[in-house]
Amino acid sequence: MGQPTRGTTGYNRLRRSDRWLVHAPRVRAALLSTAEPIVVDLGYGALPVTTLELAARLRTVRPDVRVVGLEIHPDRVVPSQQGVDFGLGGFELAGLQPVLVRAFNVLRQYHVDDVADAWSQMQTRLAPGGLILDGTCDELGRRCCWVLLDASGPVSLTLACDPFAIDEPSDLAERLPKVLIHHNVPGQPIHALLTAADRAWAAAAGHGVFGPRVRWRAMVESLAAAGYPVEPPRRRLRDGVLTVPWSAVAPL
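Here the sequence shown is numbered in the working numbering, starting from 54 and rising by one per residue.
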(Lines of atoms letter the chains of each structure in order from A and count residues from 1; the text may use other names and numbers.)
(Lines give C-alpha, C1' and ligand atoms only; values in the text may rest on other atoms or scores of the structure.)
Protein backbone atom coordinates (compact mmCIF):
# COMPACT_ATOMS: atom_id res chain seq x y z
CA MET A 1 0.00 0.00 0.00
CA GLY A 2 1.48 3.31 -1.07
CA GLN A 3 3.32 4.78 -4.00
CA PRO A 4 6.97 4.77 -5.11
CA THR A 5 9.06 7.71 -3.93
CA ARG A 6 12.24 9.21 -5.34
CA GLY A 7 14.47 6.83 -3.43
CA THR A 8 17.29 9.27 -2.71
CA THR A 9 19.48 8.21 0.18
CA GLY A 10 23.05 8.41 1.40
CA TYR A 11 25.50 6.97 3.88
CA ASN A 12 25.00 8.18 7.46
CA ARG A 13 22.11 10.42 6.40
CA LEU A 14 19.86 9.28 9.25
CA ARG A 15 22.50 9.21 11.99
CA ARG A 16 20.75 11.83 14.12
CA SER A 17 17.47 9.96 14.30
CA ASP A 18 19.36 6.70 14.89
CA ARG A 19 21.21 8.21 17.84
CA TRP A 20 17.95 9.52 19.24
CA LEU A 21 16.26 6.13 18.85
CA VAL A 22 19.07 4.34 20.65
CA HIS A 23 18.80 6.61 23.68
CA ALA A 24 15.08 7.52 23.79
CA PRO A 25 13.68 5.84 26.94
CA ARG A 26 10.36 4.86 25.37
CA VAL A 27 12.01 3.33 22.30
CA ARG A 28 14.50 1.41 24.41
CA ALA A 29 11.70 0.14 26.64
CA ALA A 30 9.74 -1.07 23.61
CA LEU A 31 12.75 -2.91 22.22
CA LEU A 32 13.70 -4.48 25.53
CA SER A 33 10.20 -5.54 26.54
CA THR A 34 9.47 -7.57 23.40
CA ALA A 35 10.44 -11.23 23.24
CA GLU A 36 11.33 -11.17 19.53
CA PRO A 37 11.62 -7.54 18.43
CA ILE A 38 11.07 -6.75 14.75
CA VAL A 39 11.97 -3.33 13.36
CA VAL A 40 10.83 -2.19 9.91
CA ASP A 41 12.69 0.45 7.93
CA LEU A 42 10.04 1.55 5.45
CA GLY A 43 11.06 3.11 2.15
CA TYR A 44 14.84 2.79 2.49
CA GLY A 45 15.39 4.01 -1.06
CA ALA A 46 17.70 3.13 -3.91
CA LEU A 47 20.42 1.84 -1.56
CA PRO A 48 19.97 -0.10 1.69
CA VAL A 49 22.75 1.70 3.55
CA THR A 50 20.62 3.51 6.12
CA THR A 51 18.80 0.28 6.99
CA LEU A 52 22.10 -1.48 7.64
CA GLU A 53 23.24 1.45 9.77
CA LEU A 54 19.99 1.38 11.74
CA ALA A 55 20.43 -2.32 12.45
CA ALA A 56 24.00 -1.84 13.66
CA ARG A 57 22.96 0.93 16.04
CA LEU A 58 19.88 -0.81 17.43
CA ARG A 59 21.93 -3.93 18.16
CA THR A 60 23.76 -1.94 20.82
CA VAL A 61 20.41 -1.92 22.67
CA ARG A 62 19.06 -5.31 21.63
CA PRO A 63 21.58 -7.63 19.93
CA ASP A 64 18.88 -10.02 18.72
CA VAL A 65 16.72 -7.37 17.02
CA ARG A 66 15.44 -8.38 13.58
CA VAL A 67 15.56 -5.48 11.13
CA VAL A 68 13.62 -5.66 7.86
CA GLY A 69 13.93 -3.08 5.10
CA LEU A 70 10.80 -2.69 2.96
CA GLU A 71 10.51 -0.99 -0.42
CA ILE A 72 7.42 -0.58 -2.57
CA HIS A 73 9.54 -0.45 -5.74
CA PRO A 74 10.43 -4.04 -6.73
CA ASP A 75 13.70 -3.02 -8.41
CA ARG A 76 15.02 -1.67 -5.10
CA VAL A 77 14.60 -4.89 -3.12
CA VAL A 78 18.04 -6.36 -2.43
CA PRO A 79 19.19 -9.72 -0.99
CA SER A 80 19.57 -10.16 2.76
CA GLN A 81 22.91 -8.97 4.07
CA GLN A 82 24.67 -8.30 7.39
CA GLY A 83 21.82 -10.03 9.20
CA VAL A 84 19.21 -7.68 7.73
CA ASP A 85 16.31 -8.87 5.54
CA PHE A 86 14.80 -6.88 2.68
CA GLY A 87 11.45 -7.27 1.00
CA LEU A 88 8.60 -5.77 -0.95
CA GLY A 89 6.09 -3.80 1.07
CA GLY A 90 4.36 -0.53 1.88
CA PHE A 91 2.21 0.82 4.69
CA GLU A 92 0.76 -2.66 5.25
CA LEU A 93 4.31 -3.56 6.48
CA ALA A 94 4.34 -6.79 4.47
CA GLY A 95 2.26 -8.54 7.12
CA LEU A 96 4.90 -8.05 9.82
CA GLN A 97 4.09 -6.95 13.37
CA PRO A 98 7.02 -4.68 14.27
CA VAL A 99 7.76 -3.01 17.58
CA LEU A 100 9.28 -0.06 15.70
CA VAL A 101 8.73 1.38 12.22
CA ARG A 102 11.00 4.04 10.77
CA ALA A 103 9.53 5.85 7.75
CA PHE A 104 11.95 8.60 6.85
CA ASN A 105 11.55 10.90 3.83
CA VAL A 106 8.51 8.86 2.75
CA LEU A 107 5.36 10.77 3.62
CA ARG A 108 7.05 14.05 2.74
CA GLN A 109 6.47 13.04 -0.88
CA TYR A 110 2.75 12.37 -0.35
CA HIS A 111 -0.18 14.75 -0.25
CA VAL A 112 -0.96 16.01 3.24
CA ASP A 113 -4.43 14.44 3.06
CA ASP A 114 -2.81 11.00 2.74
CA VAL A 115 -0.90 11.20 6.02
CA ALA A 116 -3.68 10.17 8.41
CA ASP A 117 -4.52 7.05 6.40
CA ALA A 118 -0.86 6.05 6.10
CA TRP A 119 -0.39 6.45 9.84
CA SER A 120 -3.51 4.39 10.50
CA GLN A 121 -2.36 1.61 8.18
CA MET A 122 0.91 1.30 10.09
CA GLN A 123 -0.58 1.75 13.56
CA THR A 124 -2.99 -1.15 13.14
CA ARG A 125 -0.06 -3.46 12.35
CA LEU A 126 2.19 -2.59 15.28
CA ALA A 127 3.12 -5.08 17.96
CA PRO A 128 1.76 -4.23 21.44
CA GLY A 129 3.59 -1.15 22.65
CA GLY A 130 4.94 -0.51 19.16
CA LEU A 131 6.12 2.86 17.87
CA ILE A 132 6.45 4.68 14.54
CA LEU A 133 8.96 7.34 13.55
CA ASP A 134 7.74 9.55 10.68
CA GLY A 135 10.55 11.91 9.75
CA THR A 136 12.19 14.13 7.18
CA CYS A 137 15.76 15.32 6.73
CA ASP A 138 17.92 17.17 4.24
CA GLU A 139 20.26 15.40 1.82
CA LEU A 140 23.21 15.32 4.25
CA GLY A 141 21.18 14.68 7.39
CA ARG A 142 22.18 17.96 9.03
CA ARG A 143 18.60 19.16 9.50
CA CYS A 144 15.97 16.66 10.66
CA CYS A 145 12.47 16.60 12.14
CA TRP A 146 10.35 13.63 13.16
CA VAL A 147 7.13 12.66 14.86
CA LEU A 148 7.01 9.70 17.25
CA LEU A 149 3.68 7.84 17.22
CA ASP A 150 2.18 4.93 19.09
CA ALA A 151 -0.98 2.97 18.32
CA SER A 152 -3.13 5.83 19.66
CA GLY A 153 -1.57 8.72 17.78
CA PRO A 154 1.33 11.19 17.78
CA VAL A 155 3.40 11.34 20.96
CA SER A 156 6.09 13.94 20.35
CA LEU A 157 7.91 16.12 17.82
CA THR A 158 11.69 16.29 17.66
CA LEU A 159 13.83 18.84 15.87
CA ALA A 160 17.46 17.82 15.43
CA CYS A 161 20.35 19.43 13.63
CA ASP A 162 24.03 20.11 13.40
CA PRO A 163 24.05 23.50 15.14
CA PHE A 164 26.91 24.53 12.86
CA ALA A 165 24.54 24.11 9.87
CA ILE A 166 21.85 26.62 10.86
CA ASP A 167 21.56 30.36 11.28
CA GLU A 168 18.55 30.00 13.59
CA PRO A 169 16.25 27.17 14.72
CA SER A 170 13.47 28.08 12.29
CA ASP A 171 15.79 26.97 9.47
CA LEU A 172 14.47 23.51 10.35
CA ALA A 173 10.97 24.50 9.23
CA GLU A 174 11.69 23.31 5.69
CA ARG A 175 12.16 19.78 7.04
CA LEU A 176 9.04 19.55 9.18
CA PRO A 177 7.04 16.34 8.63
CA LYS A 178 4.23 16.59 6.12
CA VAL A 179 1.61 16.69 8.88
CA LEU A 180 3.06 19.98 10.16
CA ILE A 181 4.86 21.74 7.34
CA HIS A 182 1.73 23.44 5.99
CA HIS A 183 0.81 24.65 9.49
CA ASN A 184 3.91 26.75 10.02
CA VAL A 185 1.91 29.98 9.84
CA PRO A 186 1.01 32.60 12.45
CA GLY A 187 -1.63 31.36 14.86
CA GLN A 188 -0.49 27.73 14.76
CA PRO A 189 1.46 26.14 17.66
CA ILE A 190 4.38 24.94 15.52
CA HIS A 191 4.93 28.50 14.26
CA ALA A 192 4.80 29.80 17.84
CA LEU A 193 7.39 27.23 18.94
CA LEU A 194 9.81 28.06 16.12
CA THR A 195 9.37 31.78 16.75
CA ALA A 196 10.08 31.32 20.46
CA ALA A 197 13.11 29.18 19.62
CA ASP A 198 14.47 31.88 17.33
CA ARG A 199 14.06 34.49 20.06
CA ALA A 200 15.75 32.25 22.63
CA TRP A 201 18.54 31.55 20.13
CA ALA A 202 19.07 35.27 19.62
CA ALA A 203 19.07 35.88 23.38
CA ALA A 204 21.70 33.15 23.78
CA ALA A 205 24.05 34.80 21.28
CA GLY A 206 26.61 35.38 24.02
CA HIS A 207 27.02 31.64 24.41
CA GLY A 208 28.12 31.47 20.78
CA VAL A 209 31.71 32.18 21.78
CA PHE A 210 31.73 28.65 23.20
CA GLY A 211 30.29 27.21 19.99
CA PRO A 212 26.82 26.67 18.52
CA ARG A 213 26.24 23.47 20.49
CA VAL A 214 26.53 25.37 23.77
CA ARG A 215 24.28 28.08 22.33
CA TRP A 216 21.66 25.47 21.33
CA ARG A 217 21.67 24.02 24.82
CA ALA A 218 21.22 27.49 26.30
CA MET A 219 18.31 28.05 23.93
CA VAL A 220 16.60 24.84 25.08
CA GLU A 221 17.11 25.76 28.72
CA SER A 222 15.64 29.21 28.04
CA LEU A 223 12.56 27.67 26.41
CA ALA A 224 12.09 25.38 29.39
CA ALA A 225 12.41 28.31 31.79
CA ALA A 226 9.76 30.15 29.78
CA GLY A 227 7.33 27.28 30.32
CA TYR A 228 7.69 25.31 27.10
CA PRO A 229 7.41 21.55 27.81
CA VAL A 230 10.75 20.63 26.28
CA GLU A 231 12.44 17.38 27.20
CA PRO A 232 15.77 18.06 28.95
CA PRO A 233 18.83 17.12 26.87
CA ARG A 234 20.09 13.67 27.76
CA ARG A 235 23.70 14.87 27.90
CA ARG A 236 26.03 17.14 25.98
CA LEU A 237 25.29 15.70 22.56
CA ARG A 238 26.97 16.56 19.30
CA ASP A 239 23.46 17.14 17.92
CA GLY A 240 21.14 20.01 18.64
CA VAL A 241 17.94 18.27 19.78
CA LEU A 242 14.62 19.79 20.81
CA THR A 243 11.75 17.44 21.71
CA VAL A 244 8.29 18.56 22.79
CA PRO A 245 5.03 16.67 23.41
CA TRP A 246 2.72 16.51 20.42
CA SER A 247 0.15 18.50 22.36
CA ALA A 248 2.50 21.49 22.19
CA VAL A 249 2.53 21.57 18.38
CA ALA A 250 -0.67 19.80 17.27
CA PRO A 251 -2.38 21.82 14.52
CA LEU A 252 -5.41 23.81 15.63
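We treat Cβ as the ideally placed atom computed from N, Cα and C, and that holds for glycine.
The model shown is predicted, which means the values in this text are computed figures rather than measured ones.
Here's the rule: buried if 16 or more other CB atoms are within 10 angstroms of the residue's CB, otherwise exposed. What is residue i?
i, result
"residue 238", "exposed"
"residue 164", "exposed"
"residue 262", "exposed"
"residue 69", "buried"
"residue 225", "buried"
"residue 175", "buried"
"residue 64", "exposed"
"residue 21", "What is shown of the chain runs 54 to 305, which leaves residue 21 out entirely."
"residue 94", "buried"
"residue 235", "exposed"
"residue 228", "buried"
"residue 177", "exposed"
"residue 88", "exposed"
"residue 220", "exposed"
"residue 166", "exposed"
"residue 113", "exposed"
"residue 128", "exposed"
"residue 187", "buried"
Enumerate in chain order the residues of its own chain whose CB-to-CB distance from residue i is below 7 Å, with the five nearest sequence positions on each side excluded.
i, result
"residue 257", "268, 271, 272, 275"
"residue 282", "297, 298, 301"
"residue 140", "121, 123, 130, 147"
"residue 208", "201, 202, 299"
"residue 80", "74, 153, 184"
Does DSSP put residue i in a helix, in a strand, or in coil?
i, result
"residue 263", "helix"
"residue 293", "strand"
"residue 135", "coil"
"residue 161", "helix"
"residue 112", "coil"
"residue 86", "coil"
"residue 220", "coil"
"residue 283", "coil"
"residue 130", "coil"
"residue 236", "coil"
"residue 66", "coil"
"residue 176", "helix"
"residue 74", "helix"
"residue 61", "coil"
For residue i, write down the residues that DSSP places opposite it in a beta bridge.
i, result
"residue 91", "119"
"residue 199", "188, 211"
"residue 124", "141"
"residue 156", "187"
"residue 181", "According to DSSP, which records beta bridges pairwise, residue 181 is partnered with nothing at all."
"residue 298", "209"
"residue 56", "Partner(s): none; residue 56 has no beta bridge."
By Cβ distance, which residues of its chain are closer than 6 Å to residue i, with the 5 residues on each side in sequence left out?
i, result
"residue 153", "92, 184"
"residue 278", "none"
"residue 213", "69, 197, 292, 294"
"residue 119", "91"
Please list, in chain order, all residues of the same chain as residue i whose beta carbon is under 8 Å from its beta carbon, the five residues on each side excluded.
i, result
"residue 247", "222, 223, 225, 226, 237"
"residue 190", "66, 67, 69, 70, 157, 158, 196, 197, 198, 228"
"residue 132", "139"
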